[in-house]
């Protein structure tokens with residue numbers, strides 16, 4: 158466990174985490190996997206909407222993101238209802254995403270994709286160590302426009 162004195166360089170408010178979440182939005186919307194990779198901890202774990210089993214480690218998580226991003230186009234995301242809690246060198250966030258764009262060339266729109274992210278203070282910055290996403294739908298086709 159990291160002592161408070163070791164965390165003196167860590168921003169104590171949610172501004173740094175808000176900035177990280179904004180970067181996450183921009184990376185996903187622009188399909189910028191290179192920047193996204195820098196937001197993640199090396200031992201990241203992700204549970205993707207509709208994906209079933211969790212994906213472990215930065216290499217496997219980034220392979221999944223790249224596969225998803227290759228299918229998307231014209232993505233627009235609006236994050237809302239964000240909650241952030243910080244406890245020492247660990248933080249937790251929950252938010253909803255509304256989005257639209259194309260997937261495999263077909264337009265889609267969804268509302269209320271639920272996100273949970275756990276962050277750790279690592280090497281002088283907040284990094285995402287765990288994500289879980291789920292969408293309020295029974296099948297992807299129901300979101301086609």
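In the working numbering, the protein residues as written are 158 to 302. Where is the CB? At the ideal position from N, CA and C, for every residue including glycine. In this text the structure is predicted, and so the values were computed from the model without any measurement.
| query | result |
| --- | --- |
| DSSP three-state assignment for residue 176, whether helix, strand or coil | helix |
| C-alpha gap between residue 159 and residue 261, whole angstroms | Residue placement at residue 159 cannot be trusted, given a pLDDT of 41 that sits under 50; the coordinates are not used to answer. |
| Rounded separation between residue 172 and residue 281 - CA only | 15 Å |
| Alpha-carbon spacing of residue 233 relative to residue 178, whole angstroms | 15 Å |
| Boundaries (first-last residue) of the alpha helix (DSSP H) holding residue 217 | 215-228 |
| CB of residue 259 within 9 Å of CB of residue 205, strictly | no |
| Extent of the continuous beta strand (DSSP E) to which residue 171 belongs | Counting along the chain, residue 171 falls outside any beta strand (DSSP E), and DSSP gives it neither H nor E. |
| Whole-number beta carbon distance between residue 203 and residue 273, since they are thought to touch under 8 Å | No, residue 273 and residue 203 are not in contact; Cβ-Cβ is about 11 Å, not under 8 Å. |
| Spatial neighbours of residue 256 in its chain, beta-carbon cut-off 6 Å, leaving aside the 5 residues before and after | 234 and 267 |
| Where residue 198 sits in the DSSP three-state scheme | strand |
| Residue from 242, 183 and 192 with nearest C-alpha to residue 277 | 242 |
| Residue span of the beta strand (DSSP E) that contains residue 291, given as start and end | 282-291 |
| C-alpha gap between residue 198 and residue 216, whole angstroms | 11 Å |
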